[in-house]
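As structure tokens, the structure follows; a few thoughts come after it.
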Ligand SMILES: [Zn+2]
Ligand SMILES: [Zn+2]
Ligand SMILES: [Zn+2]
């Protein structure tokens, strides 16, 4: 368990660099991420390469025992490059060029820009691939930030036509797969196909889904190009990219396949304020710590994208600048977030940024240091974590590396699938339904029961799990079907599971499609509801309300919950269960508790705001409430903290 | 009273066609609408015409005694046609081309596209004009759907300049009519005139109104072109177009003049959810049946556009896919809607669609059959209606054709005028005011009083009416003035009546302009209010609140209602009355009841959610409430249903 | 104290002109503004100049003793001019050309359009500069109306590059000032710089701020060009421009430097309805009189832009047409507004417009006359004011000119700075914070304490003030710092004061930057809050809530208010105080009352809706409440009105 920080030597006079490195050391920071926005400093004029500043900073870090995560600077191509290759710019859905003047001004599909990236990454990798300070490389920065996955420029159209031709072979196959006969949308050749924007009404959902897939694949290819260069010149270093919160526009599992570690950038307060997933009540209650499951959900999600390895590349250290409102974190929140990350398997937590910049777009974004180089609150909390990690290691008899490799996998898995996300959000039927939010609410309920959850891709092995939740696995591939049939634990499939074919059609046997053998039922009709109507539901497992999505199902399976018309809502027997509707949090928890019991797992209703996570023999307890809460896990002894947890408090326990 | 269905042979394997026709027959369906989106199947390549599939399906329908309504396929031109004539595409108000990829990708003003339509419609009419299965033709599909009446492309500009030159003759006449001196907006020639979009602030309202009229006239011309061809090649068949709900962007009366029947597409749940006319309370109360006056209002409106003949071309049979939320209808709702349509004079109710398509944009739109070809709920309700029609006919001693020709006109008329709608909505003064909504609320109040209402155009004969309501007849033409002067019944003119000249100016004598002789009063000033301020109103006829629009009037007429400053709100004597403000539903009902009484009509305050409609000697009673209601009309005996109507219940009575 | 009116001879037949002039005279009107939209009447064809109508109208006004304010017609260039110079058109932020068809269709930066303006203004000035009726010239009309300050056309880009080159000299200086290193945004030459629109995410705030400044400077230059011509040909006449309410997009102080008088266009009801600054409760309470501080705030603001001289060029006389809802004013409101203006130093109140036009965009905008030439309510109220002015003059023993020159400056100053406004709104941190609104709420609180306030520019002399409020003076220039150090009165600096350098960077010593010597404190961190969280604040001076913006401050100064964590909120001693947060109205009033006391000023908590203003020895009392209120100022005797003020009532007192 290590700490890191994001740093920009190019923003500060050289005279500060040594001082900063010493200060990082004092706090206990071991990793520094640099370089990812520095292209114009490296190459201020075409082919005029300024390496000296970077040489010197790397040497300083090395001299102070700091390991460097070096970023490729491709998220911020300089103006001269853009002027030479104007076709590298993206276009938004309205057809407007997205110009220079901020960052991420390129489309992934641009071959001209890929060539420019190949060149600069090669130059960097050749120069620093074997530098002793360089422990890792970050490719680009936050793929897709500012809504940059879908682009509607000419270059994207070319790429899309090629992608479709490769996928379908013949235009007849595409017409059939998309059902283009529907509104005389048939094409005679791939060259007739347009991008699915600026149509009179919505484009064919199959068309939209394939365009999303194509754009996602452009990201994969763009990343692969950099990975290949870095592997060649800097073998043995961890390759990583920094993902974002609540962001699903490309397939992170696919990108993750080519990297060594998954990392993400966690801003609990900004996302609480910004995201429509949260209620006004939640936004108020968790204003200064973030929602209790925000960090956890993404830690578990991205650990699943990183083949089990997780870093936090950017951890919010204070108020940020980009949310609609930017409050200060509670005292202790930075420490809480850091421990939460460790408890989910993070090897490294790196704060963004070292020092608040007094200029540019993010001048109101806090750092560990203030703009005047004094320590901000978060610096002290980071130092406290360093001390506590030592205490924990001593208590467990483990050194730092052993701590880092404590197992983090659980017995409960929730399947998260980017393709399912795109499919279902293209036609949500009720504006109140979104795939991501439903996954999140399922995860929240599991976690409120004290369960440690893995979030897994649809091609993951299921062998180690006792309970598996498929929130809404739109398309069930043959391979997944095989693994589900072989699964020995308890399975819960949620609404919309198996409701689409691979090319966005309704299966011949209706939903749940290929799962009907495992779950003998038919979804006959869907009742997609506005918030103002929440019908009652009740049965052997509890009572509550239906929300947003409610399937009318025909089945002979035993029903654990029914709606007020007597229709099945939650049904199943033995080890396979199906939930046909979104249901309220209370009933969801009650149902999941029953399923956990069936799976031989013990669960507990945690106090509001409290969360628990196990990692190896360590139990972490977190209090996200804004008042003191008492909690002690069973069969464990206290190592750090108190049974009475203060607001934003953490306690750490060792299993007996 | 017949049932029909919309069907797409091109979506299904040939092997299904006979089976489907037999199934339709079994249910009792007599009409099938086909063809309207099939251009790319008919003509997959330019000039390569595939008629065989259509030949065969027509023969199958004919063999099974099904009558066909054949749609011209001009709402979905194929990609190759668009690529040949890119200027046929519309531009939206922001100047963006509205491209291929869904439907309705053309502008009505395009002469190139009209020529393409002339060709394909001629080919179809020549081939099928005399086919024994073809009973009727539908031109295109849902003119204006997806906001396609106003288009801002170059071809529209050309058409507009020609239209203006024809209307005004000289540019001086136009400048004067528009008042262009106002902001130095004078033009020197028709070629200087631009479309009224992308101006710095709002364009001249006279300019906007004429553009709306021109665009509406383009629809009329576009439809006329198809009508002429069909009349030539398929004489004797009913020509029809399918209009939409709450849609006013072209003059349906003008289009209707060229057709034999008016039809419309009724989706009570989608419109309830989508339209801002309804309150949150209404959206909740009527979630599963739609608002009690939604269907009725449009039935009466479109019967008035169809010279007394009305069809329902598309009747919602289950959840749809396009509203923000798409709930399932109540049990019985499809039957309720079908009978409501018959009670307003519909000869035919055709369900959209026969079978839910598993692909394309509308794959979540229910049909009578599910995607797996099993019957959905609505199929049973349709079959029930067929049986009930038989019972009703027997009870009345009428055969099917006699039932269809039962008289449907009433004694109360509400005047609906598209030109008035455009005029008043261009400058509503209060965002809370809209012409259509005010008409709807007047209609609702009349209907809550048990009255059967005709909705008539401004050039209709008034001879048969006892009570005439002019909701807000902005411009009073000389011809209308003559008919109003001659009218023998009771007249109520609402706020904004007579407030504009033909070219969008204030009349010299102020509102009500030419009506001042009939209604001696002057509208001195207008108080246009937000929702939060609803001043009190009271007088001899009741008390309540003013809403949104409140005129300050000088008159010597007796006042039945006054505002709290003593200003006249409802005034008149003898047979002519003027209402200067929008008023709340309770007071509106009380006032209309008084007027009905003055007109010698008896009215009754119906229970909440209950509606009644008379057609000939039959009285229909509908319960839109979600609970049981007791109601029996006076002087009638029960033929079908119960005095205690269940939720979504219908009872049918015969006058003694 | 004079009355005027806006008139459009070109809208009416010549036969009306004499009649209108006589009617104005009868009411007591002395000034007439004309001409500002008449270009197409003056010059219907290029170089074909029609002066006769204007010659004749000027002669008629002169013959009737009416003084003319002659408008240059540059806000409405005719179509032929636009067609000749299409590059004169602005582009909006989305890159769309803002075309002909309404008004203000030009960008200030267009040299072609400036040349056209130079020509037409010269022609007018040559012809009428010495006409005896012409007392004043108005340049153009409402600079910036309809969001026309920022334009993104090619001509604007050219102007911006020149402006930047002049400001920074070298591109290196610009890169440093903007902090372009931040995201590789460095430029190699001024020709690489683009406009800050259509970037992928927000552009550099320094970039945005400079663009705003550049656009503001274009307005200054545009106005200067006309001023120079008018000074040359019409020396001795007052030059004036008419500003707008709640409009800050250009620096009115800079434009005002070149003119003789500041005027503005006041529409109290339209702005109440339209502006998000007001709560729903305020919108309801003040529906028919406007918010009590709307007029006052702008009168004081613009008097400060006019070197102490203020006119009202357009005063709302009845319902307008452009707000979301357009109610009628209360009886007496027009009189109230007129007296409020006089009480703040207005020399002239001119009503917009003389007669309601029956055509064009504003046909629903009331005038003193109705479209049928009858007097509307406001005409009587204007006549009443004329009579009351006479009474007041007699009571004070002053003639009309002496009344006009009564002193209007106060002892309390609030500093309003356009550059600060732009700076802080570019990055508000909390969407609930806006510079203008915070200034307004401070002004409101001062005025609710009965204080008469001057609103001054940042370069104003401070010598005459006892209390000075800096709401949020983002950048403290060296010159201002000198004056603040020398200031002898009580100073209150609000949150964000001194928080930015001149080029939008954080000062090295953090906020309050250069003011730290006067106010020894450091703003360590900012808590930017949503509306739902309003932490408690309390201390020696009262208790209440924090809103939107809350600074965490380190200081040794005594604290008058602290937050619930004990952090300083309001601090200071002697004569210098700092408020680090926005606070609620009650606590703001309590705090300002303490500061007024410290400054030796007496204040009083006025009844809700009541406002008081002193001018010389006259005290004006206004009742904006919708019910009767009792109020008498101390030590004064009643001249006009009553101690019990009716709704919208005014009383006028003479100090003893
Ligand atoms: Zn980001
Ligand atoms: Zn439609
Ligand atoms: Zn304006």
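Residue numbers (the numbering used here), protein chains in the order written: chain A, 23 to 678; chain B, 23 to 678; chain C, 23 to 678. Glycine included, each C-beta is placed from N, C-alpha and C at the ideal position.
Residue 178/A versus residue 190/A - alpha carbon distance: Within the first chain, the letter at position 156 stands for residue 178/A. Within the first chain, the letter at position 168 stands for residue 190/A. Taking C-alpha positions only, residue 178/A is separated from residue 190/A by approximately 18 Å.
Residue 516/C versus residue 410/C - alpha carbon distance: Here residue 516/C refers to the residue found at position 494 when the third chain is read from its first residue. Here residue 410/C refers to the residue found at position 388 when the third chain is read from its first residue. Distance between the alpha carbons of residue 516/C and residue 410/C: 41 Å.
Got a sec: which bits of the region 378–405 of chain B sit with their beta carbon under 9 Å from any beta carbon on chain A, in order along the chain? For the region 378–405 of chain B, the beta-carbon criterion of a distance under 9 Å to any beta-carbon of chain A is satisfied by 378, 379, 380, 381, 382, 383, 384, 385, 386, 388, 392, 393, 394, 396, 398, 399.
Going by the beta-carbon positions, is the gap between residue 561/B and residue 579/B smaller than 8 Å? In the second chain, counting from the first residue as 1, residue 561/B sits at position 539. In the second chain, counting from the first residue as 1, residue 579/B sits at position 557. For the pair residue 561/B and residue 579/B, the CB atoms are not nearer than the 8 Å cut-off.
For chain B, is any of its Cβ atoms less than 8 Å away from the one on residue 542/A? Here residue 542/A refers to the residue found at position 520 when the first chain is read from its first residue. Chain B has no Cβ within less than 8 Å of the Cβ of residue 542/A.
At least one CB of chain B closer than 8 Å to the CB of residue 555/A: is that the case? Residue 555/A sits at position 533 when you count from the first residue of the first chain. Yes, contact with chain B.
Residues of the region 197–217 of chain C in Cβ contact with chain A at a cutoff of 8 Å, in chain order, please. Shown in chain order are the members of the region 197–217 of chain C whose Cβ falls below 8 Å from a Cβ of chain A: 200, 201, 202, 203, 204, 205, 206, 207, 208, 209, 210, 214, 216.
Relative to the C-alpha of residue 31/B, which candidate in 475/B, 555/B, 597/B, 375/B has its C-alpha closest? In the second chain, the residue the question calls residue 31/B occupies position 9. Here the closest residue by C-alpha is 375/B.
Can you find a C-beta in chain C that's less than 8 Å from the C-beta of residue 447/B? As a working mapping, residue 447/B is identified with position 425 in the second chain. No - not a single Cβ of chain C is within 8 Å of the one on residue 447/B.
Are any of the Cβ atoms in chain A nearer than 8 Å to that of residue 589/C? Here residue 589/C refers to the residue found at position 567 of the third chain. Chain A, which has no Cβ nearer than 8 Å to the Cβ of residue 589/C, makes this no.
Nearest-angstrom beta carbon gap, residue 356/A and residue 403/A [assumed within contact, 8 Å]: Position 381 of the first chain, counted from the first residue, corresponds to residue 403/A. Position 334 of the first chain, counted from the first residue, corresponds to residue 356/A. The pair is a contact, with the Cβ atoms about 4 Å apart (cut-off 8 Å).
Residue span of the alpha helix (DSSP H) that contains residue 45/C, given as start and end: Counting from 1 along the third chain, the entry for residue 45/C is found at position 23. Element bounds for residue 45/C: 36–49.
With H, G and I counted as helix, E and B as strand and the rest as coil, what does DSSP make of residue 263/C? In the third chain, the residue the question calls residue 263/C occupies position 241. Residue state, collapsed to three classes: strand.
Counting only beta-carbon separations shorter than 8 Å, does residue 357/C have a partner in chain B? Taking the third chain and counting its residues from 1, one reaches residue 357/C at position 335. Cβ-Cβ to chain B under 8 Å: no for residue 357/C.
What does DSSP give as the partner residues of residue 159/C in its beta bridges? On the third chain, position 137 is the one that residue 159/C refers to. Looking at the DSSP assignment, residue 159/C forms a beta bridge with 92/C, 261/C.
Give the residues of chain A in contact with residue 532/C, contact being defined as C-beta atoms less than 8 Å apart. Residue mapping note: residue 532/C aligns to position 510 of the third chain, counting from 1. Contact of residue 532/C with chain A by beta-carbon distance below 8 Å involves 392, 393, 394.
Cβ-based burial, residue 184/A [other Cβ within 10 Å; buried from 16]: By one-based count along the first chain, residue 184/A stands at place 162. It is exposed - the Cβ of residue 184/A has fewer than 16 other Cβ atoms within 10 Å.
Check this for me: beta carbons of residue 329/C and residue 623/C, under 8 Å apart or not? For the purposes of this step, residue 329/C is taken as residue 307 along the third chain, with counting starting at 1. For the purposes of this step, residue 623/C is taken as residue 601 along the third chain, with counting starting at 1. No, they are not a contact pair.
To the nearest angstrom, how far is it from the Cα of residue 101/A to the Cα of residue 207/C? For the purposes of this step, residue 101/A is taken as residue 79 along the first chain, with counting starting at 1. For the purposes of this step, residue 207/C is taken as residue 185 along the third chain, with counting starting at 1. If I take the Cα positions, the gap works out to 7 Å.
Identify each residue in the region 97–123 of chain A for which the Cβ-Cβ distance to at least one residue of chain B is less than 8 Å, and report them in chain order. So the close ones are 116, 117.
Can you tell me which residues form a DSSP beta bridge with residue 547/C? To locate residue 547/C, count along the third chain from 1; it is residue 525. BP columns for residue 547/C point to 574/C.
Cα-Cα, which of 67/A, 152/A, 422/A, 491/A is closest to residue 50/A? Taking the first chain and counting its residues from 1, one reaches residue 50/A at position 28. For residue 50/A, the closest alpha carbon among the candidates 67/A, 152/A, 422/A, 491/A is that of 422/A.
Beta-carbon separation (whole angstroms), residue 460/A vs residue 501/A, contact threshold 8 Å: For the purposes of this step, residue 460/A is taken as residue 438 along the first chain, with counting starting at 1. For the purposes of this step, residue 501/A is taken as residue 479 along the first chain, with counting starting at 1. Contact flag wrong, Cβ pair sits at about 24 Å.
The beta strand (DSSP E) spanning residue 55/C covers which residue range? Counted from its first residue, the third chain places residue 55/C at position 33. Taken as a continuous stretch (DSSP letters only), the beta strand (DSSP E) holding residue 55/C covers 53–56.
Quick one: give me the first and last residue of the alpha helix (DSSP H) that residue 324/A is part of. As a first step, residue 324/A must be located in the first chain, where it is residue number 302. Counted as a single uninterrupted DSSP element, the alpha helix (DSSP H) harbouring residue 324/A occupies residues 316–327.
Across which residues does DSSP place residue 368/A in a beta bridge pair? Taking the first chain and counting its residues from 1, one reaches residue 368/A at position 346. Residue 368/A is bridged to 332/A.
Assign residue 536/A to one of three DSSP states: helix, strand, or coil. Here residue 536/A is taken as the residue at index 514 of the first chain, counted from 1. Residue 536/A sits in a helix when the DSSP states are folded into three classes.
If you measure from the beta carbon of residue 323/C to each beta carbon in chain A, is any gap under 8 Å? Residue numbering aside, residue 323/C sits at position 301 when the third chain is read from its first letter. By this cut-off, residue 323/C is not an interface position.
Using 8 Å as the limit for Cβ to Cβ distance, is residue 2/B near chain A? This structure leaves residue 2/B out entirely; chain B is present only between 23 and 678.
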